[in-house]
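Inspection log for the structure reproduced underneath, given as structure tokens.
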Amino acid sequence: MSILDKLIVMGGNRLVGEVRVSGAKNATLPIMAACLLTQGEVTLKQVPNIRDVAMMERILVHLGAIVSRSGTTMTVRGEQVEPKEVSEGLMRQLRASNLAVGPLLSRFRKIRVAYPGGCAIGSRPMDLHLKGLRAMGAKVTEKYGYVDLEAPNLKGAEIHLDFPSVGATENLMMAAVLAEGSTVIRNAAREPEIVDLQNCLNAMGARIKGAGLDTIKIEGVSKLGSAEHTIIPDRIECGTHMVAAAITGGDVHITNVIAEHVEPVIAKLKEMGATVLVYNDSSIRVKADSRLKAADCRTLPYPGFPTDMQPQIMSLMTVAEGTSVVAESIFDNRFKHVDELRRMGASIKVEGRIAIVKGLTRLSGAFVEATDLRAGAALILAGLVAEDATIIESIDHVDRGYDSLESKYAALGARIIRVNGNA
Ligand code: UD1
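For what it's worth, our numbering labels the leading residue of the sequence shown as 6, then goes sequentially.
Laid out in structure tokens, this is it:
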């Protein structure tokens with residue numbers, strides 16, 4: 006894989022068959038950061054093979070963790086972790102690198118990190134994280150793109166988040182684990198990945214209750230130990246496959262799924278006319294026999310419709326019958342895929358955070374750019390139904406978060422190939 010790689014998608018084939026979902030990116034990243042809290046050994050199973058995980062691994066190794074991988078199993082040993090400064094070079098490549106802040110402060114009480122980077126989908130500040138850490142007694146100094154945090158007496162606190170930020174909830178949970186006394190996080194994010202983080206931390210010896218609800222309580226403990234944990238399946242990957250089946254008029258059985266986690270996507274696809282069958286809450290079959298109908302969609306914190314599925318569902322709307330309205334309420338700049346979809350002939354108007362999508366009977370292949378992770382996925386989906394070839398550049402964004410997407414789709418019958426950028 007190279008940052009110059011391109012994907013060529015020849016549209017027109019129905020996707021048919023079975024596909025297995027990999028472990029969740031957004032559960033793996035905070036859980037890897039949580040490994041910084043312990044001197045013990047944490048074994049993680051079902052870790053996806055994606056670039057963001059490799060980046061987080063580099064950060065852990067930089068901090069002194071010993072990380073080994075065998076297939077989808079990762080082992081992290083934290084006895085030699087030190088609170089070294091995390092440079093801009095490392096932090097800028099991964100937005101989720103900010104999740105190292107809570108664990109490092111909790112364990113070492115004094116740290117310095119650069120501001121993180123990541124997907125170009127909005128301003129994504131850290132104010133809610135830092136406000137919560139201040140409430141726990143941390144002195145925070147921000148200058149020259151770095152944040153210094155110091156908390157010799159890190160204490161539990163009552164924290165009310167102004168917005169249920171996923172990252173802030175996770176960071177504060179991790180900071181509270183080794184703090185003195187109890188912490189309550191109100192208006193916490195309720196995403197399934199937060200429950201997975203709680204389960205892994207509790208297996209390490211933490212005392213956390215309430216993840217998945219809007220109030221989380223953490224009783225500080227003096228030390229964490231070793232644990233083994235299996236990462237949950239990736240609900241956004243699952244949702245992407247569901248749209249792939251629907252947009253190609255296909256019939257796809259998706260396995261290794263927690264159906265409850267994709268309820269909002271199931272509901273939207275049914276509303277648009279797809280057939281969605283759920284088996285034992287652990288696999289899903291999506292079929293579409295005729296052209297789907299338009300629907301409106303608003304992104305919201307979980308259990309609302311996920312912002313990470315907004316670009317993909319928009320691709321489906323570009324070829325549905327009728328006009329759909331999409332409201333993006335989580336990020337302030339998450340319509341970068343719109344210009345690229347327009348290059349493929351899509352009819353989309355944007356007014357602020359609202360997009361109006363007029364469904365057409367066909368898209369045509371074009372040269373397009375994956376501007377961020379989910380935008381890239383949306384372009385692959387559009388390419389699967391477009392006439393002729395769609396050539397997607399900057400595919401490294403997709404490699405950040407999807408494990409083997411093109412080979413999974415090729416196995417379902419898609420004509421999709423990677424062109425090595427170095428060739
Ligand atoms: C996580 C996910 C990302 C997903 C997002 C929303 C990971 C690794 N990434 O990102 O895939 O799109 O949740 O579901 O889990 N905000 C502030 N101040 C803060 C923190 C956030 O204003 O201190 C704002 C952000 O700018 C954004 C919104 O809150 O507009 C949501 O951000 P947040 O929930 O924190 O997302 P992430 O944790 O970054």
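Ideal Cβ positions, reconstructed from N, Cα and C, are used throughout, including at glycine.
query: Is it right to say N103 is buried, meaning 16 or more other beta carbons lie within 10 angstroms of its own, or is it exposed?; result: buried
query: How far does the beta strand (DSSP E) with L12 in it reach, from first residue to last?; result: K11 to M15
query: Taking 8 angstroms as the threshold, find out whether the stretch 16-25 comes into contact with the stretch 186-205 through three or more Cβ pairs.; result: no
query: If we ignore side chains and look at the alpha-carbon of each, how far apart do R303 and V200 end up?; result: 24 angstroms
query: If you drop the 5 nearest sequence neighbours on each side, which residues of the same chain put their C-beta closer than 8 angstroms to that of K89?; result: H67, L68 and G69
query: Going by beta carbon distance, what residues of the same chain come within less than 7 angstroms of V270, once the five residues before and after it are set aside?; result: G244, M247 and M314
query: For ligand 1, any of its heavy atoms closer than 8 angstroms to the Cβ of M131?; result: yes
query: Whole beta strand (DSSP E) runs in the stretch 275-303 with 3 or more residues, listed along the chain?; result: 280-284 and 288-292
query: Would G137 and L177 be called neighbours here (beta carbons separated by less than 9 angstroms)?; result: yes
query: Can you determine whether any heavy atom of ligand 1 sits closer than 8 angstroms to the C-beta of S92, and answer yes or no?; result: no
query: With distances taken from CA atoms, which of A173, T174, A162 and V118 is nearest E155?; result: V118
query: Just to confirm, does L104 get its C-beta within under 8 angstroms of one of the non-hydrogen atoms of ligand 1?; result: yes
query: Report buried or exposed for I422, applying the criterion of at least 16 other Cβ atoms within 10 angstroms of its Cβ.; result: exposed
query: With DSSP run on the structure shown, which of helix, strand or coil describes F113?; result: helix
query: Who are the near neighbours of L305 in its chain, counting only those whose CB is closer than 7 angstroms to its CB and skipping five residues on each side?; result: S334
query: May I ask which residues mark the beginning and end of the alpha helix (DSSP H) holding S412?; result: L410 to A416
query: At a threshold of 8 angstroms, does G28 count as lining ligand 1 (C-beta to nearest heavy atom)?; result: no
query: State the Cα-Cα distance for the pair K363 and K115, rounded to the nearest angstrom.; result: 53 angstroms
query: For V58 versus D239, is the C-beta distance shorter than 9 angstroms?; result: no
query: Give the DSSP-derived three-state secondary structure of M131 in the structure shown.; result: coil
query: Based on DSSP bridge pairs, tell me the residues matched to R348.; result: BP columns for R348 are empty, so no partner.
query: Given 8 angstroms as the limit, tell me if I335 has its C-beta closer than that to any heavy atom belonging to ligand 1.; result: yes
query: Nearest by alpha-carbon distance to L282: which of V267, R296 and S295 is it?; result: V267
query: With 16 as the cutoff for other CB atoms within 10 Å, does L389 come out buried or exposed?; result: buried
query: With distances taken between CB atoms, is the gap from G172 to H134 smaller than 9 angstroms?; result: yes
query: Just to confirm my understanding: we take G309, look at its own chain, exclude 5 residues before and 5 after, and list those with CB closer than 8 angstroms. What are they?; result: P269 and R303
query: Quick one: give me the first and last residue of the beta strand (DSSP E) that I385 is part of.; result: Element bounds for I385: not the beta strand (DSSP E) but the alpha helix (DSSP H), L378 to V390.
query: Just to confirm, does R240 get its C-beta within under 8 angstroms of one of the non-hydrogen atoms of ligand 1?; result: no
query: Looking only at C-alpha atoms, which of S399, R358 and I236 sits nearest to L34?; result: I236
query: Note down the Cα distance separating I126 from L365, rounded to an integer number of angstroms.; result: Any reading at I126 needs caution, since the residue's pLDDT is 47, under 50, leaving its predicted position unreliable; the model's value is listed next. Each residue's alpha carbon lies about 27 angstroms from the other.
query: For G418, which option in D10, L9, V24 and K11 has the closest C-alpha, if you only look at C-alpha atoms?; result: V24
query: Should Q85 be labelled buried (16 or more other beta-carbon atoms within 10 Å of its own) or exposed?; result: exposed
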